[in-house]
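So that you can map any letter, position 3 of the sequence shown is 29 in the numbering used here, and since no number is skipped, the others follow by simple counting. In this text, a Cβ means the ideal position worked out from N, Cα and C, and glycines have one as well. Please read all numbers here as calculations on a predicted model, not as lab measurements. Note sheet for the following structure.
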Amino acid sequence: MKFYLKGLLISFVFLQSLQGALPPLYQSANEIKAILDDAELGKHLSSGEVIMKIEKLDKGYEIFTNTHRLLISVIYQPVNHPGPAQFSLEFKKTQLLE
């Protein structure tokens with residue numbers, strides 16, 4: 027019985043560590059989804075614009091529409107527990123494409 031409980035405890039600890047940081051593909055998907063779901067996006071871009079490209083930068087993303095370019099910084103929050111990275115978004119000034 028002790029062996030069973032030790033095995034169960036070790037398995038639980040191992041599974042908890044697997045829920046650590048998300049792989050880069052899923053982390054970036056979470057970040058892009060957060061950008062697209064944020065009401066701030068609509069304040070910077072018109073509903074008549076079409077998103078042509080979303081490009082990953084060192085500290086965030088750059089969104090290109092048919093008429094504008096918008097930079098968004100991703101600011102990671104410190105975490106003391108396993109799990110996906112917590113972050114906030116900072117929308118920069120929109121620039122007109124030439």
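Comparing C-alpha distances from leucine 96 to each of Val76, Ala47 and Pro108 shows the shortest one belongs to Val76. Isoleucine 101 sits exposed, since fewer than 16 C-beta atoms from the chains shown fall within 10 Å of its C-beta. Across the set Thr91, Asn56 and Pro49, the C-alpha of Asn56 shows the shortest separation from the C-alpha of phenylalanine 113. By the Cβ neighbour-count rule, glycine 109 is exposed, with fewer than 16 other Cβ atoms within 10 Å of its own. The C-alpha of leucine 48 lies about 9 Å from the C-alpha of serine 54. Taken through DSSP and simplified to helix, strand or coil, histidine 94 comes out as strand.
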